[in-house]
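Each step along the sequence shown adds one to the number in this note's numbering, with nothing skipped, and position 251 is 310.
Note that beta-carbon positions come from the ideal geometry of N, C-alpha and C, so glycine has one too.
Notes follow the structure.
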Amino acid sequence: MHETERKGSLMYGFSVVLSAETASFRDPGAQLYHETLPLPPVSTIIGIAGAALGMSFKDVWQHFQVNEISVGVKDVTREYRKTPPGKGLDLWKYRKIVSKEVRSDILKREFIFRPVYCLFYGAKSADKLKQLHSAFADPAWALSLGGSDDIACLEKITDIQPMEEVVAQGKDLTFCLIPGNYAESFSFDWETISNIPTSTTLELPVVKHLPIGFNFGSGGERKGARYLSFTFLKEIQQLTKPCTAYRLEDEIVPLVSIV
């Protein structure tokens with residue numbers, strides 16, 4: 060049961076459901092062990108939109124800034140697959156240059172198995188979303204969830220419609236990308252834990268400091284320039300502190316702006 064309160068402010072938005080056999084969202088600070096984030100970060104959500112529009116990452120980033128388009132994401136694997144996503148570990152051999160000498164090394168890449176994500180795009184004006192909405196119906200390039208091998212399948216696109224601003228807490232935002240550090244503002248969902256047939260480990264929520272702003276070089280290279288903390292809640296965790304979010308049909312999700 061949702062524990063939301065209406066705030067009254069409206070945005071317009073739509074959602075896109077993508078599935079894949081594998082997905083991987085590398086923590087920017089990772090080195091030889093590429094641990095995946097639980098959900099696609101803001102940069103990936105916007106990058107997917109760029110593939111649909113046929114734009115470079117720099118161009119689509121500027122497009123989102125100019126049109127003030129916000130983004131969000133929710134893991135809906137359990138709804139579509141009737142089971143949670145799995146995880147695996149891949150070994151990659153790569154070459155690196157050390158003092159003009161080429162050497163090979165091995166890195167470990169964590170990946171998510173058979174995930175399904177619902178991506179949200181919102182703006183104050185419906186007109187600012189029409190180009191992007193049309194692009195998802197007929198993407199210019201292949202859509203992927205992380206790496207180029209993680210090809211995504213388009214499952215569903217909703218119509219552009221009003222999104223009502225709400226105050227969410229409890230289990231409303233479980234499986235969502237939540238802006239802010241809520242590591243000390245959560246509790247365990249003991250009802251869910253008691254119904255899990257196998258033993259489970261009690262852990263703190265995952266909190267990561269991720270880029271929401273970039274400086275772009277002349278060759279298209281980018282470097283993080285502005286960062287924000289994000290919290291990822293697992294199935295057995297719930298918020299004890301209110302968080303601003305938006306309702307689109309039956310889903311409630313926080314939206315993140317890069318402006």
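| Query | Result |
| --- | --- |
| What residue does the beta strand (DSSP E) around residue 149 start on, and which one ends it? | 145-157 |
| Should residue 297 go down as buried or exposed, given a rule of 16 or more other Cβ atoms within 10 Å for buried? | buried |
| Any idea what DSSP makes of residue 209, helix, strand or coil? | coil |
| How big is the Cα-Cα spacing for residue 143 and residue 255? | 13 Å |
| Round the Cβ separation of residue 134 and residue 100 to the nearest angstrom and send it over; I've been treating them as touching at under 8 Å. | Not really, about 13 Å apart at Cβ, beyond 8 Å. |
| For the structure I just gave you, are there three or more beta carbon pairs, one from the segment 295-309 and one from the segment 222-239, closer than 8 Å? | yes |
| Can you tell me where the alpha helix (DSSP H) holding residue 112 begins and where it ends? | 101-112 |
| Beta-carbon within less than 7 Å of residue 248's beta-carbon, same chain only, minus the 5 sequence neighbours each way: which residues are those? | 230, 295, 296 and 297 |
| Our contact map puts residue 179 next to residue 109 with C-beta atoms below 8 Å; I'd like the distance itself, whole angstroms only. | No, residue 179 and residue 109 are not in contact; Cβ-Cβ is about 16 Å, not under 8 Å. |
| In chain order, what residues of the same chain have a beta carbon less than 7 Å from the beta carbon of residue 244, not counting five sequence neighbours either side? | 298, 299 and 300 |
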